[in-house]
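Mind the numbering: the sequence shown is residues -31 to -1, 1 to 186 in mature numbering (1 follows the signal peptide of the UniProt record, and there is no 0), read in order.
Backbone N, C-alpha and C define an ideal beta-carbon position, used for all residues, glycine too.
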Amino acid sequence: MNVSSCHSPSHALRIALGLALVGFASGTASAGLLASFENDAEGWTINTSENATYAFNGFSTTDGVTEGTYSAIITGGAAPSYGQLLVSPDSTALTAELATAAEVSIDVATAPGAFGFGTQWSAVINNADLGYTSLDGYTYTGAVGPGASGQLVWNITPAQRAVLAASSESSTLIFQVGGGDGGTMYVDNVRLTPVPEPSSLAMLTALAVAALRLRRR
Ligand SMILES: [Ca+2]
């Protein structure tokens, strides 16, 4: 029996798997980016009626940068109020993007010694058909301690997506923030993770089956 005829199909399959995974990753890497704060607020605002001491305080190239070259610096003198802090532009395009998103995320870093015990975040979608809707029911599941950093993630449910898909109203994405004291935070990489399309799901399933077959050889 020829040795190469035994091993080459497996080798070829491994290469094909690798190429397919690279293609899938590169195809989805930049999808869903809502804000990167590249030396610009990019239309986002601070709600100073609910967090009166807070304002954009420039942009950093060194702290909290997780996408591109800059993060946004946000500074306040009092503890954040568990009310609105960071507010997106309002648009019907955002409604369409939210209708196909599985997750909302934002990267947050806080300066050492800032915000007492830390900051707590909730993501809210405001749309006339959906209503003013906290994605964690105002339980503030996003937590970043003082001098720490992290990616905060919330799920958008299929039921919420269905309402947004049928909506012709504009939407706003709002981050409500609470915390123990004032200070400086850095935010970057506000992102919507799209629901995988059926074709992508089918490809991932095929890849998983192929990988299992390889493992069993
Ligand atoms: Ca950025």
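Which of helix, strand or coil does DSSP assign to S5?
-> coil
Counting pairs of beta carbons, one from the segment 44 to 51 and one from the segment 145 to 162, are three or more of them closer than 8 Å?
-> yes
When DSSP builds the beta bridges, which residues end up paired with Q53?
-> Q145
Would you kindly work out how many angstroms separate the C-alpha atoms of G12 and P58, rounded to a whole number?
-> 6 Å
Exposure of R160, with buried meaning 16 or more beta-carbon neighbours within 10 Å = buried
Note the first and the last residue of the continuous alpha helix (DSSP H) segment covering T174.
-> P167 to R185
Are there 16 or more other CB atoms within 10 angstroms of the CB of V178, so buried, or fewer, so exposed?
-> exposed
Reduced DSSP category for A78 - H, G, I as helix; E, B as strand; rest coil = strand
Roughly how far, in whole angstroms, is the beta-carbon of residue 193 from the beta-carbon of Q89, given that I think they are within contact range, below 8 Å?
-> Residue 193 is absent from the structure shown; the chain starts at -31 and stops at 186.
With a cut-off of 8 Å on the beta carbons, I'd call T64 and N95 a contact; round off their distance for me.
-> Actually they are not in contact, since the Cβ atoms of T64 and N95 sit about 11 Å apart, beyond 8 Å.
Does the distance from the CB of T35 to the CB of N158 come in under 7 Å?
-> yes
Output the boundary residues of the alpha helix (DSSP H) element that contains A24.
-> Careful: A24 lies outside any alpha helix (DSSP H), inside the beta strand (DSSP E) at A24 to S29.
Where the beta strand (DSSP E) through L133 begins and ends = Taken as a continuous stretch (DSSP letters only), L133 belongs to no beta strand (DSSP E), being part of the alpha helix (DSSP H) at P127 to A134.
By how many angstroms is the C-alpha of M172 removed from the C-alpha of S29?
-> 39 Å
To the nearest angstrom, how far is it from the Cα of S18 to the Cα of S139?
-> 22 Å
By Cβ distance below 8 Å, which residues in the same chain neighbour T79 in space, the five residues on each side in sequence not counted?
-> G87, T88, V113, G114, P115, G116, A117, S118, G152, T153, M154 and Y155
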